[in-house]
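Below you'll find the structure, written out as C-alpha cells, and then a few comments.
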Amino acid sequence: MPKKKSRAKKRKKVVEKRVITLVPGLILSIVVFVVGIIVAMFIPSMRGNSISSLMLANETASTTTMSDIVCGLTMFILITEGALLASVVLLITFSSDYIVKKTYRRITKFLEASRVALPPTELAPARVAPTETAAPPALSTRQVPQVRQLPATTVSTSAIAKLPEKATIATKKRCPYCGGDLPLGDIHIFCPHCGRKLK
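Under this note's numbering, the first residue of the sequence shown carries the number 1, and numbering increases by one thereafter.
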C-alpha cells in the first residue's frame, strides 16, 4: 500500500509540473490568436476597406463592389493565419521546453546512477617493459668447405676408335646395260632409260 501511495503522489507531481509548464503556453497562444483576429477585423486592405467596415457597409446598404469584399477577406485570412501560426509556434516552444527539461533530468539521473553503481577505478602504474638492445650478430667461425678438385681424365685412343664413323654418302647407281643414272633411294626393277630388267 505505501508503494502505491508513493507512486500516486509522484504521478500527481508530474501532472502538476506538466500543467505548470504547458498551461501558460496554451493561454499565451490563445491570446495571440484572438488578438490576431481582432487586428485582422480592423486593419484595412489595399483598397482601404476592412472586414468590419465592409460588414457595416452591408448593414447600411451602401454600395460595395466584389473586389472590395475579396480584398478585405484575403487580408483577414492572411492575418488570422499569421496569428494562428504564431500561437502554434508559442505552444510548441513551451512544450519543447518541457520536453528538453524532462530529458535533461533523465540524463542527469542516469549519469548519477551509473556513477554510484560503478566503483571508482584507480589507474595502476603502467609497467614499462625493459627495452632489449639487439646485439650485433656474431661472426660465424665455421670454415667454408673447400671445393674438391677432380683429377684430370685422359681419353684413350681405344675409346676414340670405338666411336661410330660418319655414314658415307651413297654413290649414284648406273644401269649395267645402257649406263644411265638410276635415281637414288628407289628400288629399281627396270631401267627407266632402256627398259631392261635389272638384276
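Even for Gly, the Cβ is constructed at its ideal location relative to N, Cα and C.
Out of curiosity, what's the CA-to-CA distance linking residue i and residue j?
{"i": "Gly72", "j": "Leu26", "result": "29 angstroms"}
{"i": "Ala61", "j": "Ser29", "result": "Reliability fails at Ala61, whose pLDDT of 46 lies under 50, so the model's placement of it is uncertain and the value that follows must be treated cautiously. Using only the alpha carbons, I get a separation of about 37 angstroms."}
{"i": "Thr21", "j": "Tyr104", "result": "15 angstroms"}
{"i": "Gly195", "j": "Gly180", "result": "11 angstroms"}
{"i": "Arg7", "j": "Met41", "result": "50 angstroms"}
{"i": "Val83", "j": "Asp68", "result": "Sequence check: residue 83 is Ala here, not Val. When rounded, the distance between both Cα atoms is 23 angstroms."}
{"i": "Thr80", "j": "Lys17", "result": "31 angstroms"}
{"i": "Val70", "j": "Lys13", "result": "52 angstroms"}
{"i": "Lys10", "j": "Pro24", "result": "22 angstroms"}
{"i": "Leu78", "j": "Val19", "result": "32 angstroms"}
{"i": "Phe193", "j": "Lys199", "result": "Reading off the sequence shown, one finds His at residue 193, where the question assumed Phe. About 15 angstroms."}
{"i": "Leu91", "j": "Arg106", "result": "23 angstroms"}
Under a three-way DSSP split, which group does residue i fall into?
{"i": "Leu182", "result": "strand"}
{"i": "Lys199", "result": "coil"}
{"i": "Lys172", "result": "coil"}
Below 8 angstroms on the Cβ atoms is my contact criterion, and I expect residue i with residue j to pass it. Report the Cβ-Cβ distance as a whole number of Å.
{"i": "Ile38", "j": "Met75", "result": "At roughly 14 angstroms, the Cβ-Cβ gap does not stay under 8 angstroms, so Ile38 and Met75 are not in contact."}
{"i": "Leu184", "j": "Lys172", "result": "7 angstroms"}
{"i": "Ala86", "j": "Val32", "result": "5 angstroms"}
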